[in-house]
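In what follows, a structure is listed as C-alpha cells, so that the remarks can point back to it.
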Amino acid sequence: MDRYDTIVVGAGIAGLTTARLLHGQGHRTVVLEARDRIGGRVHTDRADGWLTDLGASWIHGITDSPVASAATAFGMPMREFTVGGYQPDSRPIAYFDPSGTRLSADEARAHVADIRRVDADLGGIIAGSDPRASYRDVTEQALRAQRWDAERTARVREYFEHRSEEQYGAWIEDLAAHGLDDDAIDGDEVVFPEGYDVLAERLSLGVDVRLGQIVREVHWHTDGVTVITDADQWHARSAVVTVPVGVLAEGGLTISPALPEPVSGALSRLTMNAFEKVFLRFPERFWDPDVYALRAQGPAARWWHSWYDLTDLHGQPTLLTFAAGPAGIGIRHLTDAEVGAAAAEPLRRLYPEGYVDPIHVRVTRWWADPFARGSYAYMRVGSTTSDHDDLATPIGGVLHLAGEATWTDDPATVTAALCSGHRAAERVLGHTVAIEALWA
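Numbering (my numbering), first residue to last: 107 to 546.
Structural data, given as C-alpha cells:
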C-alpha cells in the first residue's frame, strides 16, 4: 500500500480545508470519507424541485469571516437573514403573548429591553460563576436581581431557555454557564440561495477524496499512522481526524493508543446535541408579511415557539422551525408527518383566520446518522471554553483532531470547522500558511 504524507479522516469542511492547504504545499494527501458524498454536516438536498440546506445554513456574522471570504471568491450568492443567532430584535420579529395575541410594537420593545437588561448583567455573573454552574444557574441569578413580577420574569426566563436550545440544542440546565460565551454576531448573517454545499464542492477541487471509506481504527506511533477502513489499510507520516465528537465518543472509531490528556478529558466534557430542522411548506403565506420570524410565548410554546420565514429563499411559502433540546429528543420516535403536524399546529392558534395545513414536511435526523450522531457539540456542565482547543492538542507529533468542536472562538459553526482545518494544516506543515490559499 502506498504511503502518504497525511491522511485526513472526514470530508467535511474541516477535512477538506486541511487537505486543500496541504495539497497546495505539495503534501501527498488523501481524504477518507465514510459517506457517498462530501460536505459532512454541510448537506444540501435538491430533491422534489426544492433546495434545502439540511445541515449548516448560516454564516453567523460576515465581518472578518473567512467563510464569507471563501464564499465570495467561489462565486456563491448570499442572502441577508440576520436572525440565526436567536437575537431578540435584530430584524422584524412577530412576538405573540401566551394567549396567542401579537404584542404591540411598544410591548415588543419592552420585552426586548428586559432581555437586554439581563444580558448586560450576565457577563459578570458568568465570569464569577462556579465551575459546575449551568446556564440555568447564572440566568436565574441575573433574573433575581431584577426583582420583577412573576409574569415578566417568566417571559424573559423562557427566552433564555429557548436561546440555549436554538443555539446549542441543549436544555438550559445541561449547558455549562460558559456555554454561550461565543454568542456574538459581527455583521449581518447570510444564507445561501444556491446551497451551502457549493463551499464543499469548491474546497474539494484537486483534492484526492475517497468516498465510502468507513474508518474503523487509527493507530498512531512515532513512525507515523496506520488507518484501517472496512476495505483497506492506509499509511502516512501523520493524520488529521475530523469526525464529530459524537462519533469519537460512541467508540465506532478506535484510536490507539488511547487519546491522552488533555484531549481525552476535553472529549469527555463535550457532547453532541439534539437539534433537528423542521421545514414546513404551505400552499399560501398566511402569516405576517415583512417579518423574519414568528415567536410565541407561554407554556403552549414549550417545544414549538419560533418559526423562520424562508419564503423568499425557497420560492414557496416556507417556515423553518427547530426541534431542539428536549424537543429534539422527543420527536425521535415520530414520523415526519407527525412532527410536521405538531410543529405547525401552534400556528393555527396564532393565525386562526388564515391558517392552512402544510403541504410538505421535511425533518432532519442528524442524531441517527452514524457518521454524525448529532448536529454539533456543546459544553456540558463542568466543561470550560478551553476544552474546545484542548481537544485539538497535537498527539505524538503525528495525530491531530479538527472540526467545529475543536475551535474555541466560534464553535458549532462552519467557520470553526474551516479555521480548525487551517490550524491542523499548519501544525502538520510546521509553518504558517495563509488561509487565503484556500480560495486564491
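In this text, a Cβ means the ideal position worked out from N, Cα and C, and glycines have one as well.
Three or more C-beta pairs under 8 angstroms: does that hold for the region 463-470 against the region 382-396? yes
Can you list, in chain order, the residues of its chain whose CB lies under 6 angstroms from that of Asp496, leaving out five sequence neighbours each side? Residue 496 sits at position 390 when you count from the first residue of the sequence shown. Pro368 and Ala372.
Between the beta-carbon of Arg343 and the beta-carbon of Ile334, is there less than 7 angstroms? Against the sequence shown, residue 343 aligns to sequence position 237. Against the sequence shown, residue 334 aligns to sequence position 228. Going by C-beta atoms, Arg343 is not nearer than 7 angstroms to Ile334.
Reduced DSSP secondary structure (H/G/I, E/B, other) of Thr512: As a position in the sequence shown, residue 512 is number 406, starting the count at 1. The answer is helix: DSSP assigns Thr512 an H, G or I state.
Quick one: give me the first and last residue of the beta strand (DSSP E) that Val331 is part of. As a working note, residue 331 is residue 225 in the sequence shown. Here the beta strand (DSSP E) through Val331 covers Gly330 to Thr335.
State the beta-bridge partners of Tyr484 as determined by DSSP. Numbered from 1 along the sequence shown, position 378 holds the residue referred to as residue 484. Thr377.
For a minimum of 4 consecutive residues, which ranges assigned as the alpha helix (DSSP H) are wholly contained in the region 432-509? 432-436, 442-456 and 492-496
Three-state secondary structure (DSSP) at Val47? Because the chain in this structure spans residues 107 to 546, residue 47 falls outside the shown range and cannot be described.
Could you give the DSSP three-state label for Gly145: helix, strand or coil? In the sequence shown, residue 145 corresponds to position 39, counting from 1. DSSP places Gly145 in strand when its eight states are reduced to three.
Pick helix, strand or coil for Tyr302, following the three-state DSSP scheme. To locate residue 302, count along the sequence shown from 1; it is residue 196. It is coil, neither helix nor strand.
List, from N- to C-terminal side, the beta strand (DSSP E) runs of 3 residues or more that fit wholly inside the region 162-222. The region 162-222 contains these whole beta strand (DSSP E) runs: 199-202.
When you compare each of Gly301, Ala483 and Leu127 to Trp164 by their alpha carbons, which one comes out closest? Position 58 of the sequence shown, counting from 1, holds the residue named residue 164. Trp164 has its Cα closest to that of Gly301, out of Gly301, Ala483 and Leu127.
Using C-beta distances below 7 angstroms, list every residue in its chain close to Ala72, excluding the 5 sequence neighbours before and after it, in chain order. It is not possible to answer for residue 72, since the shown part of the chain is limited to 107 through 546.
Can you give me the Cβ contacts of Gly146 inside the same chain, cut-off strictly under 7 angstroms, excluding the 5 residues immediately before and after it? For this step, residue 146 is matched to residue 40 along the sequence shown. Here the set comprises Gly116, Ala117, Gly118 and Ile119.
Gly234 in three-state terms, based on DSSP: For the purposes of this step, residue 234 is taken as residue 128 along the sequence shown, with counting starting at 1. Three-state DSSP puts Gly234 in coil, outside helix and strand.
So, under 8 angstroms CB-CB, Thr377 and Tyr484 are touching, yes? Tell me the CB distance rounded to an integer number of Å. Counted from its first residue, the sequence shown places residue 377 at position 271. Counted from its first residue, the sequence shown places residue 484 at position 378. Sure, about 7 angstroms apart at Cβ, within 8 angstroms.
Out of Ala508, Ala523 and Asp516, which has the shortest C-alpha to C-alpha gap to Arg533? If you number the sequence shown from 1, residue 533 lands on position 427. It is Ala508 whose Cα lies nearest to the Cα of Arg533.
DSSP has Thr124 in a bridge; who is on the other side? Position 18 of the sequence shown holds residue 124. Note: Thr124 sits in no beta bridge, so no partner.
Are the C-beta of Pro464 and some C-beta of chain C separated by less than 7 angstroms? No chain C is part of this structure, which consists of one protein chain only.
Identify, in the order they occur along the chain, each residue of the same chain with its Cβ nearer than 8 angstroms to the Cβ of Leu228, setting aside the five sequence neighbours on each side. As a first step, residue 228 is located in the sequence shown; it is residue number 122 there, counting from the start. Closer than 8 angstroms at Cβ, skipping near neighbours: Val244, Thr245 and Ala248.
Cβ neighbours of Leu138 in the same chain (closer than 6 angstroms, five flanking residues each side left out): The residue labelled residue 138 in the question sits at position 32 within the sequence shown. Residues of the same chain with a CB within less than 6 angstroms of the CB of Leu138, apart from the 5 flanking positions on each side, are Val115, Arg316, Gln319 and Val321 in chain order.
Could you compute how far the alpha carbon of Glu264 sits from the alpha carbon of Glu356? Residue 264 sits at position 158 when you count from the first residue of the sequence shown. Residue 356 sits at position 250 when you count from the first residue of the sequence shown. Those two C-alpha atoms are separated by around 32 angstroms.
So, are the CB atoms of Ala260 and Trp545 less than 7 angstroms apart? Reading the sequence shown from its first residue, position 154 is the one you call residue 260. Reading the sequence shown from its first residue, position 439 is the one you call residue 545. No, they are not a contact pair.
Give the single residue among Pro350, Pro363 and Leu305 whose Cα lies nearest to the Cα of Arg126. Position 20 of the sequence shown, counting from 1, holds the residue named residue 126. It is Leu305 whose Cα lies nearest to the Cα of Arg126.
If I measure Cβ to Cβ from Asp516 and keep anything under 6 angstroms in the same chain, skipping five residues before and after, which residues do I get? Working through the sequence shown from its first residue, we reach residue 516 at position 410. The answer, listed in chain order, is Asp288 and Ala522.
Among Ile199, Gly285, Trp254 and Glu272, nearest to Pro237 - alpha-carbon criterion: On the sequence shown, residue 237 is found 131 positions in, with the first residue counted as 1. Ranking Ile199, Gly285, Trp254 and Glu272 by Cα distance to Pro237 puts Gly285 first.
Boundaries of the beta strand (DSSP E) in which Thr427 is found, first to last residue: The count along the sequence shown starts at 1 and reaches residue 427 at position 321. Start and end: Thr424 to Ala430.
Return the residue from the list Thr332, Gly161, Val487 and Tyr201 that minimises the CA-CA distance to Val297. Residue 297 sits at position 191 when you count from the first residue of the sequence shown. The option with the nearest alpha carbon to Val297 is Gly161.
Counting C-beta neighbours from all protein chains within 10 Å, is the total for Arg479 16 or more, i.e. buried, or is it exposed? Numbered from 1 along the sequence shown, position 373 holds the residue referred to as residue 479. A residue is called buried when at least 16 other Cβ atoms come within 10 angstroms of its Cβ; Arg479 meets this threshold and is buried.
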